[in-house]
Amino acid sequence: MKTFEEKWTAWLDGKLSGKELTDFEASLPDLAAAEAEKRNALKLGAFLKEQLAGQPLSNEEFFSHQIHERIARENESRSGGARSTWWTIPRLVWSGATALALFLITTVWLISQNEPGEQSEYLTQILNSRVDPGANPNAKIYIFESKNDSKVTVLWTEGLQSLPADYAAK
Amino acid sequence: MQLKCLLFAVCFLMAAGTTLLRAEHVVWSGLVIAQNVPQPAPIPPELTKLEQTLKELFGYNQFELIGQSSKTLKTGEEDWLANSKYFGLHVDARGENEGGYTLNLKLYKENDVLLETEANLSKSSPLVIKGPQVGSGQLLLVLSVKEDEEAHPHRRAQPPNPVSAGWYRLRRFIHRVIR
């Protein structure tokens, strides 16, 4: 079932025929006005076809040359820009991988390195110690670690001069 | 421009990482008189963790604090004094190392230096020094490192982790190369 607009368009284009044409024209309230509108539409169509027909370029070669030059310039600047930087993607990848490898090697080396004879870093180390030899000529110093879980390092002195109980004052 | 931004980011991360590695610690130092008494007083709270060890090592049943000092180390190069009436323990921190702090300790009896020692005080290992006999008791010096609980309430004293230990080894290695 065609709508009125479809039938109107077909009628304007002269594509209605037979009973369909008769029925459509009978349905129009003012056939004379419709005929006038049809003539105007056909006239407008013919005018537009005439005006919008392709016009040949008078300087076709000049435009073509301009466009080719511009494309060539753009290609050149793009490839020139890429050449000017050292940081190409492959180089970046290789540099990153090398730096990472060096970092890992150094880290592993530093973490695993433990000097021979070095005391465990978890325990306190006595580097040196001395007592006044004039006041304590027989003094001796021993260093050891407690054997329980408290990991106490003990600096044990023997032979220090005893002091009276008054020295225990706060 | 991009390279500058990258360098800036790397420097910032390194600085932030170094800051994170450096936690503030408190070094506690105490002068203790250990003796045997018929009715021993309870051990001071600072020595609770060491009570069993001290009793086993020295054979005394009472440990009384006659002087103490707590110092928060920020640069690792501070010095301080723990005093009693007659004794003074001067602690001179000479830098942080991979396990703790290098300390120079001097025990004074009034103006005389009784004992001098240099130690790498570990964060996980207290140091106990047996001093002179005092009356029927014994003077002991105790030093330990604790995390600054105000700054890091969630942390507990732990052995150094491999990353920070590696960092200190790198610093030491660079120092040796420079020297």
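So the sequence lines, in the order shown, correspond to chains A and B.
All the letters of the first sequence, read from the start, carry residue numbers 12 to 181 under the working numbering.
All the letters of the second sequence, read from the start, carry residue numbers 401 to 579 under the working numbering.
Beta carbons: idealized from backbone N, C-alpha and C, even for Gly.
For residue 119 of chain A, the secondary structure class from DSSP, reduced to helix, strand or coil, is helix. Scanning B:573, B:537 and B:543 for the CA closest to the CA of residue 471 of chain B turns up B:543. If you look at residue 27 of chain A, you'll find it isn't in any beta strand (DSSP E); DSSP assigns it neither H nor E.
Within the segment 470-507 of chain B, no complete alpha helix (DSSP H) segment of 4 residues or longer occurs. Using a CB distance cut-off of 8 Å, residue 60 of chain A does not count as an interface residue toward chain B. 8 Å or more divides the Cβ of residue 142 of chain A from the Cβ of residue 154 of chain A. Three or more pairs of CB atoms, one per stretch, sit closer than 8 Å, so the segment 522-529 of chain B contacts the segment 163-179 of chain A. If you look at residue 156 of chain A, you'll find it in the beta strand (DSSP E) that goes 151-156.
By the CB criterion at 8 Å, residue 435 of chain B and residue 462 of chain B fall inside the cutoff. If only uninterrupted alpha helix (DSSP H) runs of at least 4 residues are considered, those enclosed by the segment 41-80 of chain A are 42-62. Of B:541, B:437 and B:486, the smallest CA-CA separation from residue 447 of chain B is found for B:541.
For residue 567 of chain B, the number of other beta carbons within 10 angstroms of its own is at least 16, and it is reported as buried. Closest option to residue 52 of chain A, judged by alpha-carbon separation, among A:40, A:22, A:38 and A:156: A:22. Residue range 451-458 is occupied by the alpha helix (DSSP H) that includes residue 453 of chain B.
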